[in-house]
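Participant:
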Amino acid sequence: GFGPKDWGEHEPDKFMQPYHLTSDQHENLYVGDSYNYRVPKITPDGQAHFFAGPLPWDGIPAEIDGPRWKGRFISVTGVWADDYGNVWVVDPIMRAVKKVRNDTENTLVTLRGDLNRTERVLKYAKNCCVDKEENVYVTLQFADPVEPFALMHYVRENGHCVMKIPPNGNITRFAGFGDEGYVDGPASIARFKYPQQLTIGKDGTLYIADAGNNAIRSVSPDGFVDTVAGYNGKKGAFDGPARTAQFWNPYGITIDPDGNLYVADTANVRIRKLTPIAVNEEMEEEEGWERAEVPLEYDESSDDEPDSDEEDNLKM
Numbered sequence: 109g110f111g112p113k114d115w116g117e118h119e120p121d122k123f124m125q126p127y128h129l130t131s132d133q134h135e136n137l138y139v140g141d142s143y144n145y146r147v148p149k150i151t152p153d154g155q156a157h158f159f160a161g162p163l164p165w166d167g168i169p170a171e172i173d174g175p176r177w178k179g180r181f182i183s184v185t186g187v188w189a190d191d192y193g194n195v196w197v198v199d200p201i202m203r204a205v206k207k208v209r210n211d212t213e214n215t216l217v218t219l220r221g222d223l224n225r226t227e228r229v230l231k232y233a234k235n236c237c238v239d240k241e242e243n244v245y246v247t248l249q250f251a252d253p254v255e256p257f258a259l260m261h262y263v264r265e266n267g268h269c270v271m272k273i274p275p276n277g278n279i280t281r282f283a284g285f286g287d288e289g290y291v292d293g294p295a296s297i298a299r300f301k302y303p304q305q306l307t308i309g310k311d312g313t314l315y316i317a318d319a320g321n322n323a324i325r326s327v328s329p330d331g332f333v334d335t336v337a338g339y340n341g342k343k344g345a346f347d348g349p350a351r352t353a354q355f356w357n358p359y360g361i362t363i364d365p366d367g368n369l370y371v372a373d374t375a376n377v378r379i380r381k382l383t384p385i386a387v388n389e390e391m392e393e394e395e396g397w398e399r400a401e402v403p404l405e406y407d408e409s410s411d412d413e414p415d416s417d418e419e420d421n422l423k424m
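Each residue of the sequence shown is one higher than the one before, starting from 109 at the first, in this note's numbering.
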């Protein structure tokens with residue numbers, strides 16, 4: 109089975125490859141503690157507590173769902189706390205998005221689980237965010253060939269994109285063509301490359317750390333993909349107006365109540381801030397982001413392609 113013999117460290121403040129974290133309205137932090145197969149909670153006083161996932165002294169859990177201390181995770185790559193006190197967890201090995209309900213037992217339930225070998229859409233899931241209607245948006249990195257045994261058929265689907273899962277569990281591609289690239293425009297033909305963390309603004313706009321394109325991308329509620337910040341896919345560390353600033357493998361992103369975006373610019377080892385003032389320099393007064401008349405596709409033939417080590421980091 110999965111997991112160490114005692115199913116994780118016995119202390120909630122001892123982590124094993126914590127990938128992501130989120131906070132709720134009460135300033136509690138929730139950590140995606142991937143190799144301990146759980147989500148610890150850190151209260152504002154700095155104390156760590158077991159929150160979701162099996163207690164280490166109970167052995168290998170037998171249940172998939174149930175009370176939060178009995179339900180099972182096999183991997184944790186993304187966590188999100190919504191406005192209603194629920195915590196959502198991406199478990200790609202189980203091909204699942206799970207919800208820890210804000211009820212008396214913090215019941216763990218699976219919103220979407222693709223354990224059937226013919227339905228593995230979520231096996232490359234990385235991160236998630238949730239809107240006020242409890243629609244879940246998930247970034248996917250890779251894709252399977254449409255015809256995996258046809259060696260000359262290279263068309264891929266459901267990778268490098270954002271998927272949407274409504275409360276009924278049905279999953280659809282929300283933004284991204286399904287293969288890697290850098291294209292702005294209508295969501296159905298836009299392209300991403302190794303999209304990582306994403307967050308959501310008050311108006312429902314998604315903001316995505318598009319690591320492979322060294323850019324911050326947005327998806328509007330009406331389904332249009334734009335580049336918020338980043339210069340033509342070029343890597344660098346230049347500050348300034350959003351569309352001329354440069355990033356290098358941005359991995360994390362979050363938004364504050366005032367609409368400021370904070371970016372974990374991973375390869376530059378920096379935390380960057382995008383303020384509404386910087387954004388407004390390139391916005392029309394009423395129409396929001398200035399949109400190209402045709403989809404904008406970026407040149408991928410430059411010398412700034414990531415080396416092998418950089419590609420490996422993007423796939424983590």
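Each residue gets a CB set at the ideal place from its N, CA and C atoms; glycine is no exception.
Measure the CB-CB distance between Gly186 and Cys236 and report whether it falls below 9 Å.
Facilitator: Closer than 9 Å, so yes.
Participant: State the beta-bridge partners of Asn235 as determined by DSSP.
Facilitator: Paired residue(s): Thr247.
Participant: Taking its Cβ as the centre, do 16 or more other Cβ atoms sit within 10 Å of Gly320, making it buried, or is it exposed?
Facilitator: It is buried - the Cβ of Gly320 has at least 16 other Cβ atoms within 10 Å.
Participant: So the candidates are Gly289, Lys122, Glu288 and Gly284; which of them puts its Cα closest to the Cα of Ala295?
Facilitator: Among Gly289, Lys122, Glu288 and Gly284, the Cα nearest to that of Ala295 belongs to Gly284.
Participant: Taking only the alpha-carbon atoms, compute the straight-line gap between Gly312 and Lys207 and give it to the nearest angstrom.
Facilitator: Their backbone Cα atoms lie some 20 Å apart in a straight line.
Participant: So, at 8 Å on beta carbons, what are the nonlocal neighbours of Ser183 in its own chain, with the 5 sequence-adjacent residues on each side left out?
Facilitator: Answer for Ser183: Ser142, Tyr145, Asp199, Pro200, Ile201 and Met202, listed in chain order.
Participant: The beta strand (DSSP E) spanning Ile131 covers which residue range?
Facilitator: As written in the sequence, residue 131 is Ser, which differs from the Ile given in the question. Element bounds for Ser131: Pro126 to Ser131.
Participant: State the DSSP-derived secondary structure class of Thr313, mapped to helix, strand or coil.
Facilitator: Thr313 falls in the coil class under three-state DSSP.
Participant: Kindly list the residues whose CB is nearer than 8 Å to the CB of Glu288, restricted to its own chain and excluding five residues on each side of it in sequence; keep chain order.
Facilitator: Answer for Glu288: Gly267, His268, Arg299, Phe300, Lys301, Tyr302 and Gly320, listed in chain order.
Participant: Which word fits Ile308, buried or exposed, when buried means at least 16 other C-beta atoms lie within 10 angstroms of its C-beta?
Facilitator: Label assigned to Ile308: buried.
Participant: Can you tell me whether DSSP reads Thr374 as helix, strand or coil?
Facilitator: If DSSP states are grouped into helix, strand and coil, Thr374 belongs with the helices.
Participant: Going by the CB atoms, is the gap between Phe332 and Gly293 shorter than 9 Å?
Facilitator: Against a cut-off of 9 Å, the Cβ pair of Phe332 and Gly293 comes out as a contact.
Participant: May I have the straight-line CA-CA distance separating Leu137 from Leu129, to the nearest angstrom?
Facilitator: Taking the straight line from one Cα to the other gives about 7 Å.
Participant: For a test of the three-state rule: what should DSSP assign to Asp364, helix, strand or coil?
Facilitator: DSSP places Asp364 in coil when its eight states are reduced to three.
Participant: For Gly154, count neighbouring C-beta atoms within 10 Å of its own C-beta (all shown protein chains included) and say buried if the count is 16 or more, exposed if not.
Facilitator: So Gly154 counts as exposed.
Participant: On the premise that Leu306 lies in contact with Ile361, defined as a C-beta separation below 8 Å, what is that separation, rounded to the nearest angstrom?
Facilitator: Yes, Ile361 and Leu306 are in contact; Cβ-Cβ is about 7 Å, under 8 Å.
Participant: Cα separation between Asp318 and Gln133?
Facilitator: Cα-Cα distance, rounded: 27 Å.
Participant: Closest to Val291 by CA distance: which of Asn243, Ile324 and Trp188 is it?
Facilitator: Closest by alpha carbon: Ile324.
Participant: Between the C-alpha atoms of Tyr192 and Val217, what's the straight-line distance to the nearest angstrom?
Facilitator: Approximately 16 Å, taken between the alpha carbons.
Participant: Does DSSP put Gly186 in a helix, in a strand, or in coil?
Facilitator: Strand at Gly186.
Participant: Taking DSSP as the reference, what is the three-state secondary structure of Ser427?
Facilitator: Only positions 109 to 424 of the chain appear in the structure, and residue 427 is not among them; the question remains open.
Participant: Just the Cα atoms here: how many angstroms apart are Pro126 and Val139?
Facilitator: Looking at the two C-alpha atoms, the distance is approximately 7 Å.
Participant: I'd like the span of the beta strand (DSSP E) that includes Gly193, first residue to last.
Facilitator: That residue, Gly193, is in no beta strand (DSSP E); it is neither H nor E in DSSP.
Participant: Let me know the secondary structure DSSP gives Gly348 once reduced to three states.
Facilitator: DSSP places Gly348 in coil when its eight states are reduced to three.
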